[in-house]
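Before any comments, here is the structure.
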Amino acid sequence: MSVNLGGFISANFDPFAAGKPTTVEYLVVAGGGGGSDYGGGGAGGLLTAASFAVTAGANNTVTVGSGGAGAATGSNGTDSVFSSISTTGGGRGANTNGAGANGGSGGGGGYGGSGAGGVGTSGQGNSGGLGLSGSPPYYAGGGGGVGSVGLAGTAGGGGGGGTGLCSTITGARVFYAGGGGGGAFQATAAALGVAGGGNGGRGSYSQATPGTANSGGGGGGFGNTGYSGANGGSGIVIIRYPATQSAPTSTTGNPQINYSDGYQIYTWTSSGSITF
Numbered sequence: 065m066s067v068n069l070g071g072f073i074s075a076n077f078d079p080f081a082a083g084k085p086t087t088v089e090y091l092v093v094a095g096g097g098g099g100s101d102y103g104g105g106g107a108g109g110l111l112t113a114a115s116f117a118v119t120a121g122a123n124n125t126v127t128v129g130s131g132g133a134g135a136a137t138g139s140n141g142t143d144s145v146f147s148s149i150s151t152t153g154g155g156r157g158a159n160t161n162g163a164g165a166n167g168g169s170g171g172g173g174g175y176g177g178s179g180a181g182g183v184g185t186s187g188q189g190n191s192g193g194l195g196l197s198g199s200p201p202y203y204a205g206g207g208g209g210v211g212s213v214g215l216a217g218t219a220g221g222g223g224g225g226g227t228g229l230c231s232t233i234t235g236a237r238v239f240y241a242g243g244g245g246g247g248a249f250q251a252t253a254a255a256l257g258v259a260g261g262g263n264g265g266r267g268s269y270s271q272a273t274p275g276t277a278n279s280g281g282g283g284g285g286f287g288n289t290g291y292s293g294a295n296g297g298s299g300i301v302i303i304r305y306p307a308t309q310s311a312p313t314s315t316t317g318n319p320q321i322n323y324s325d326g327y328q329i330y331t332w333t334s335s336g337s338i339t340f
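Note that my numbering has the sequence shown beginning at 65, numbered continuously upward.
This is the structure we're talking about:
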């Protein structure tokens, strides 16, 4: 196993080997929901904690969820897993005048009277925003984020995505799991996604943008019937524990390995495993 120590590559780095870890800190983010022709996608579910018990010699599975596809009717993101910790993929945005799908965070609602936002998973995310009912122009709700519900569509445009979470587990400030903006048939400005969530589209004026890769952000809704919203962002799994403790016995899935602030940090953007 090789690691990057500020530009110096060292094989089998195990500087102090002060025993194997008994707990680790984790961040697990599922894939964000895809945007639909109107509703913004909900963020992937997010769980994080500073002290998760691990056992020496036990294999811990890592699954990194993919973002949901953007389409006229988008799809939910898929779940992410670390050991026994599992987060739920974000809900797709609503098709036309329907309701957003449930998920880690719920997808944004469509423009019609049934345009409710999808429901988020308790402890992992929030519900999507309500679409604005009425005749054209149409304004859909934004997808929910881990930090707040998606905003409702208004007479000015689609609803913005719900807020995400800022984590420093990697040693840098990074935002995750924000909702995608809702689409609008006619609007002067796009509804904004946040914390990796994509922006909503404005019918024939501007297209929706996708959620950021490895953020769990929801994809933006398009804003015109029958057109494709944008893809949700893929998820991520990160763990860290003190650098003074032993390196893992093995890892798979090619995690990025860094050292910062006295921690050894393992980041997966594709599925794998770790054994301590």
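We treat Cβ as the ideally placed atom computed from N, Cα and C, and that holds for glycine.
Pull up the CB-CB distance for residue i and residue j, whole angstroms please, since I reckon it's below 8 Å.
i      : j      : result
Gly141 : Gly154 : 4 Å
Gly246 : Thr227 : Gly246 to Thr227, Cβ: 15 Å. No contact.
Gly176 : Gly103 : Wrong, their Cβ atoms sit about 11 Å apart, outside the cutoff.
Thr152 : Val92  : At roughly 11 Å, the Cβ-Cβ gap does not stay under 8 Å, so Thr152 and Val92 are not in contact.
Val126 : Ser310 : Contact flag wrong, Cβ pair sits at about 19 Å.
Phe146 : Asn124 : 7 Å
Classify residue i as helix, strand or coil using the three-state DSSP reduction.
i      : result
Ser314 : strand
Pro319 : coil
Ile302 : strand
Asn190 : coil
Leu229 : strand
Gly184 : strand
Ser335 : coil
Ala113 : strand
Val382 : There is simply no residue 382 to check, as the chain begins at 65 and stops at 340 in what is shown.
Thr218 : strand
Thr160 : coil
Thr289 : coil
Gly105 : coil
Tyr175 : coil
Gln309 : coil
Thr152 : coil
Could you check which residue in the options has the C-alpha nearest to that of residue i?
i      : options                        : result
Gly285 : Gly243, Thr315, Val301         : Gly243
Leu215 : Pro200, Ser231, Gly193, Leu229 : Gly193
Gly99  : Thr151, Thr87, Val88, Arg156   : Arg156
Gly132 : Ala251, Thr125, Ser144         : Ser144
Pro274 : Leu110, Thr86, Ser130, Val92   : Ser130
Leu229 : Ser279, Asn288, Thr252, Ser335 : Ser279
Gly302 : Thr276, Gly261, Tyr240, Ser310 : A small fix is needed here, since residue 302 is Ile in this sequence, not Gly. Closest option to Ile302, Cα to Cα, is Tyr240.
Ala259 : Ser298, Ser268, Ser270, Thr313 : Ser298
Ile149 : Gly106, Gly171, Ala94          : Ala94
Thr308 : Gln320, Tyr327, Gly168         : Tyr327
Tyr330 : Arg304, Gly262, Gly267, Gly106 : Arg304
Ala220 : Leu256, Thr185, Val238         : Here residue 220 is Gly; the residue named in the question, Ala, does not match the sequence. Residue Leu256 is the option with its Cα nearest to Gly220.
Tyr90  : Gly105, Leu110, Gly106         : Leu110
Ala204 : Ala294, Thr160, Ser314         : Thr160
Gly267 : Ala277, Ser292, Gly317         : Ser292
Pro319 : Trp332, Asp325, Pro312         : Trp332
Gly195 : Gly225, Gly108, Thr252         : Gly225
Alpha carbon to alpha carbon, how far is residue j from residue i? Give it in angstroms, no decimals.
i      : j      : result
Thr112 : Tyr202 : 37 Å
Ser139 : Gly96  : 10 Å
Asp78  : Gly296 : Here Asp78 scores only 48 on pLDDT, less than 50, and its place in the model is too uncertain to base an answer on.
Thr234 : Tyr323 : 9 Å
Gly208 : Gly179 : 14 Å
Gly264 : Gly222 : 7 Å
Phe116 : Ala254 : 41 Å
Val183 : Ile300 : 22 Å
Ala158 : Ser314 : 43 Å
Thr218 : Gly181 : 14 Å
Gly261 : Thr276 : 7 Å
Gly282 : Gly189 : 12 Å
Ser169 : Ala136 : 20 Å
In chain order, what are the residue ranges of uninterrupted alpha helix (DSSP H) at least 4 long that sit wholly in the segment 236-274?
none
Would you list, in sequence order, the uninterrupted beta strand (DSSP E) runs of no fewer than 3 residues that lie entirely inside the segment 114-139?
123-127
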